[in-house]
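Below is one structure; the comments refer to it alone.
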Amino acid sequence: QKEVEQNSGPLSVPEGAIASLNCTYSDRVSQSFFWYRQYSGKSPELIMSIYSNGDKEDGRFTAQLNKASQYVSLLIRDSQPSDSATYLCAVTFRRTGNQFYFGTGTSLTVIP
Amino acid sequence: ETGVTQSPTHLIKTRGQQVTLRCSSQSGHNTVSWYQQALGQGPQFIFQYYREEENGRGNFPPRFSGLQFPNYSSELNVNALELDDSALYLCASSLRATHTDTQYFGPGTRLTVL
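Have a look at this one:
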């Protein structure tokens, strides 16, 4: 079992809709969770981090963390064509400190 | 822009050669991590340097080695290149080496091994 798993997609949503991206992880003793966006041919850029159970909102983005169920999700409201990218989930575990474990990413296409 | 820079942008090498990739961390950051990202995959952790010492290593062979300098910039060296080493190599810097610290990525170096 991989440490971090994501549905690779592709996920397609119409412009203005809500995109929902999910990520599950294997180790209950997890620490920190991060969502990155990666455009084709570019490097990952941080969207947001979340450390505690519950929701965290930043503009059109909401991260949701449920440690008991070992999943973290990202909601993108009012999706725009510029949101079309691959979304990477990253997790750190207590046993390995600051080492980031990434999922394979979910490809999102927002259709105008 | 994250303030993390990498050089070169692209590199083409042949199998068996050696390569050195460079990274300058964001101002004030003392920790640098290196990742390998193959096409269609997520980044895979190679190793991390904290205050000039290796601070964790992923599942990569010893021919992947690194250095961190007093100004916290870093190098990744790969010896005896193999075709499977073709990938995007990402450097990320963070303020410290604790588990809560966000890592900020540089633009990457695209390595092609022929």
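Read top to bottom, the protein sequences are chains A and S.
Sequential numbering from 1 applies to the first sequence in my numbering.
Sequential numbering from 1001 applies to the second sequence in my numbering.
Note that CB positions come from ideal geometry on N, CA and C, so glycine has one too.
In this text, all values refer to a predicted model and were calculated from it rather than measured experimentally.
In DSSP terms, what S/Tyr1035 is bridged to
S/Phe1045, S/Leu1090
So, does the CB of S/Gln1103 fall closer than 7 Å to a CB anywhere in chain A?
yes
Within 10 angstroms of its Cβ, does A/Arg95 collect 16 or more other Cβ (buried), or is it exposed?
exposed
Inter-residue Cα distance where the pair is A/Asn66 and S/Leu1011
42 Å
Given this structure, state the Cα-to-Cα distance separating A/Ser73 from A/Cys23, to the nearest angstrom.
6 Å
Closer than 8 Å, Cβ to Cβ, to anything on chain S: give me those residues from the region 47–63 of chain A, in chain order.
Ser49, Tyr51
For S/Leu1090, which residues in chain A fall below 9 Å Cβ to Cβ?
Ser43, Pro44
Given a threshold of 16 other Cβ atoms within 10 Å of its Cβ, counted over all protein chains shown, does S/Thr1009 qualify as buried or as exposed?
exposed
Is the Cβ of S/Pro1061 closer than 7 Å to any Cβ of chain A?
no
C-beta atoms of A/Leu88 and A/Gln31 nearer than 7 Å:
no
Please confirm whether S/Gln1041 has its beta-carbon closer than 7 Å to some beta-carbon of chain A.
yes
What does the Cβ neighbour count give for A/Val29, buried or exposed, with the cut at 16 atoms within 10 Å?
exposed
Which term fits A/Thr92, buried or exposed, when burial requires 16 or more other beta carbons within 10 angstroms of its beta carbon?
buried
Touching or not, the region 1065–1078 of chain S and the region 1029–1046 of chain S, by the rule of three or more beta carbon pairs under 8 Å?
yes
Please list the partners that S/His1029 has in chain A, where partner means a Cβ-to-Cβ separation under 8 Å.
Neighbours of S/His1029 on chain A: none; closest Cβ ~12 Å, over 8 Å.
Over the uninterrupted beta strand (DSSP E) stretch that includes A/Glu57, give me the two end residues.
54–58
In chain A, which residues lie less than 9 Å from S/Phe1045 when you measure between Cβ atoms?
Thr96, Gln99, Phe100, Tyr101, Phe102
For chain S, is any of its Cβ atoms less than 7 Å away from the one on A/Thr92?
yes
Is it the case that the region 1096–1108 of chain S contacts the region 1073–1081 of chain S, given that we only count it when at least three CB pairs across the two stretches are under 8 Å?
no
For S/Leu1095, write down the residues that DSSP places opposite it in a beta bridge.
Paired residue(s): none; S/Leu1095 is not in a bridge.
Span of the beta strand (DSSP E) holding A/Arg94?
Premise fails: A/Arg94 is in no beta strand (DSSP E) and is neither H nor E.
Based on DSSP bridge pairs, tell me the residues matched to S/Val1078.
S/Val1019, S/Phe1064
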